[in-house]
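Beneath this line is the structure, given in structure tokens, with notes to follow.
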Amino acid sequence: MSHDYEVVASEDIYTGRIISLRKDTVAMPGGGTSDREVVHHPGAVGVVALDDQDRVVMVRQYRHAIGEHLWELPAGLRDVDGEPPVDSARRELAEETQLAAEKWSLLVSQHPSPGFCDELIQLYLAEGLSEVARPDGFVVEHEELDMTVERVPLAEAVQWVFDGKVRNALAVIGLLAAAQVRATSPRLRPLDAG
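No gaps in the numbering here: position 54 of the sequence shown is 751 in this note's numbering, and each next residue is one more.
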């Protein structure tokens, strides 16, 4: 039998530039309540950009929370109001790598930490790459000043996952999903699917 997890009280704890935190008091099955801390996140997109030689575009950038440089996929926040996710992905690809893609497919949608965070990440496969200028008004700053961009054969990038060289969850999922697409040609969802 299903139980409705009704929020009986909610308190805002913190609101920052990217995330906010609230405490919900939730009615539990069998009676009683329990407090749940919930991080609200605007969501993000990631791009597995493959060139005509089946090389994936990887970026290496500093991540302050762990104090390390990580190999990642081009990615970014869904921080433009009303912007469709695939357009966010197009923008991030151009901003970080100065590339555009002819063909876009939705690989996977995933909640990286649903136990406490509502973030949804949508990962796209981008093919038919061409060089473009960065979008008007975009300024390379902060960690992106130190970012490097490399093209790595997809099979090698997948091996990096198993070697522990790629540890960013978005990149791990994206690389393994792209390799599966290459191996088995599954039916992918429409670009506007959630």
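Glycine included, C-beta positions come from ideal geometry on N, C-alpha and C.
If you're wondering where the values come from, they're calculated on a predicted model, not measured in any experiment.
Through-space distance from residue j to residue i, alpha-carbon basis
i: V704; j: G764; result: 37 Å
i: V723; j: L867; result: 30 Å
i: R760; j: L820; result: 20 Å
i: L790; j: V846; result: 11 Å
i: R788; j: A890; result: 19 Å
i: G740; j: Q750; result: 31 Å
i: T712; j: L718; result: 6 Å
i: K720; j: P782; result: 28 Å
Residues that DSSP places opposite residue i in a beta bridge
i: Q758; result: L767
i: E732; result: Note on identity: in this sequence residue 732 is Asp, with Glu being the wrong assignment. DSSP, once it has assigned bridges, lists T722 as partnering D732.
i: Y711; result: L718
i: L790; result: Beta-bridge pairing links L790 to no other residue.
i: W801; result: A823
i: H808; result: Per DSSP, none; premise fails for H808.
i: T845; result: R757
i: G670; result: No statement about residue 670 is possible, as the shown extent of the chain runs from 698 to 891 and does not include it.
Backbone secondary structure at residue i - three-state DSSP
i: I818; result: strand
i: H839; result: helix
i: V744; result: strand
i: E853; result: helix
i: R864; result: coil
Exposure label - residue i; buried when at least 16 CB within 10 Å
i: V836; result: exposed
i: V777; result: exposed
i: S699; result: exposed
i: A762; result: exposed
i: L872; result: buried
Nearest-angstrom Cβ-Cβ length linking residue i and residue j, presumed shorter than 8 Å
i: L851; j: V753; result: 5 Å
i: L822; j: L804; result: 5 Å
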